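Trainee: Per our numbering, residue 1142 is the first one in the sequence shown, and the count goes up by one each step. We treat Cβ as the ideally placed atom computed from N, Cα and C, and that holds for glycine. In this text the structure is predicted, and so the values were computed from the model without any measurement. This is the structure, below, for whatever I ask next.
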Amino acid sequence: MKFSFDALLTKASRLAKKHGGDITVNLPFLSFSVAPDDIERRVAREILIRLADKRVLSSKECCDNCIDNSLASLQEIRSVLVEKQVELSALNDGSVFLLTEYIAEGIRQFLTATEHHAREVILRSGDSSREMFVRENYFQALELLRFHIHSCLFQLSKVAGVETPRVAAYLRSEAEWHQVAYTPPAPLLVAEAMGYDDSFKTTRPSGSI
1142 MKFSFDALLT KASRLAKKHG GDITVNLPFL SFSVAPDDIE RRVAREILIR
1192 LADKRVLSSK ECCDNCIDNS LASLQEIRSV LVEKQVELSA LNDGSVFLLT
1242 EYIAEGIRQF LTATEHHARE VILRSGDSSR EMFVRENYFQ ALELLRFHIH
1292 SCLFQLSKVA GVETPRVAAY LRSEAEWHQV AYTPPAPLLV AEAMGYDDSF
1342 KTTRPSGSI
């Protein structure tokens, strides 16, 4: 599974041309600077608080019931994001709104990919090996999603001006993004981005930004 964010990258490029400031937001393959207002800082802090206790972002358990629990938890996260996007409706071209979109789109792509994979694997009655294959694929994809969401939350913590959210030991990384989990942007987007000033910088696909 690889995430693809070409559409949001296009939006980010517009945001980069419109805004500028002393806070650098890093996304897969690009960075830009912003100057969030008080509303954005408050909403970013609230998102960090609301998502801090979601077990789906830290639990390593891999039992059957955990799949149902993690799906329910992801739906709760989506509800929080929608609620905060409503609060930011007048600032939908800002960095906090964009980061909520990155989280929401990551969840959507995860759900689509895992559901598609499960349909492809025709389960036979009593064939535990096939069931285990689907389950292992699910949790491998979920780990990538956890990295993705934690990376978004780290960017939100910079906007909010608060400490970096605590991360489970097995999810810690020196890189801000697990960049190999993302499909490189279309060449046209890269070429377009490279024409911008220093507030918007593309980065090569590597292990770090």
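From this set, CYS1207, SER1174 and SER1172, which residue's C-alpha is nearest GLU1277's C-alpha?
Mentor: Checked all of CYS1207, SER1174 and SER1172; the closest Cα to GLU1277 is CYS1207.
Trainee: Would you kindly work out how many angstroms separate the C-alpha atoms of PRO1326 and HIS1319, rounded to a whole number?
Mentor: For PRO1326 and HIS1319, the distance between alpha carbons rounds to 15 Å.
Trainee: How would you call ALA1176, buried or exposed, if buried means at least 16 neighbouring beta carbons within 10 angstroms?
Mentor: Exposed, by the Cβ-count rule.
Trainee: Return yes when the Cβ of LEU1229 is within less than 7 Å of the Cβ of PHE1238, no when it is not.
Mentor: Closer than 7 Å, so yes.
Trainee: Secondary structure at PHE1173, three-state DSSP: helix, strand or coil?
Mentor: Strand.
Trainee: Can you name the start and end residues of the alpha helix (DSSP H) that THR1151 belongs to?
Mentor: Taken as a continuous stretch (DSSP letters only), the alpha helix (DSSP H) holding THR1151 covers 1147-1159.
Trainee: Taking DSSP as the reference, what is the three-state secondary structure of MET1142?
Mentor: Coil.
Trainee: State whether the segment 1167-1187 contacts the segment 1278-1285, with contact taken as three or more CB pairs (one from each stretch) at a distance under 8 Å.
Mentor: Contact fails: fewer than three Cβ-Cβ distances are below 8 Å.
Trainee: I'd like the span of the beta strand (DSSP E) that includes VAL1166, first residue to last.
Mentor: Here the beta strand (DSSP E) through VAL1166 covers 1164-1168.
Trainee: Going by other Cβ atoms of all chains shown within 10 Å of its Cβ, with 16 needed for buried, is GLN1216 buried or exposed?
Mentor: Label assigned to GLN1216: exposed.
Trainee: Within 8 Å, do at least three Cβ pairs link the segment 1184-1191 to the segment 1293-1309?
Mentor: Segments in contact, yes.
Trainee: Relative to the C-alpha of ILE1218, which residue among ASN1233, SER1199 and ALA1245 is closest?
Mentor: Cα-wise, what sits closest to ILE1218 is ALA1245.
Trainee: Please look up how many angstroms separate the CB atoms of PHE1144 and GLN1250, rounded, as I've assumed it's under 8 Å.
Mentor: That belief holds up - the Cβ atoms of PHE1144 and GLN1250 are roughly 6 Å apart, short of 8 Å.
Trainee: Rounded to whole angstroms, how far is the Cβ of GLY1247 from the Cβ of ILE1290, which I believe are closer than 8 Å?
Mentor: Yes, GLY1247 and ILE1290 are in contact; Cβ-Cβ is about 7 Å, under 8 Å.
Trainee: Do you know how far the Cα of ALA1213 is from the Cα of LYS1195?
Mentor: Each residue's alpha carbon lies about 10 Å from the other.
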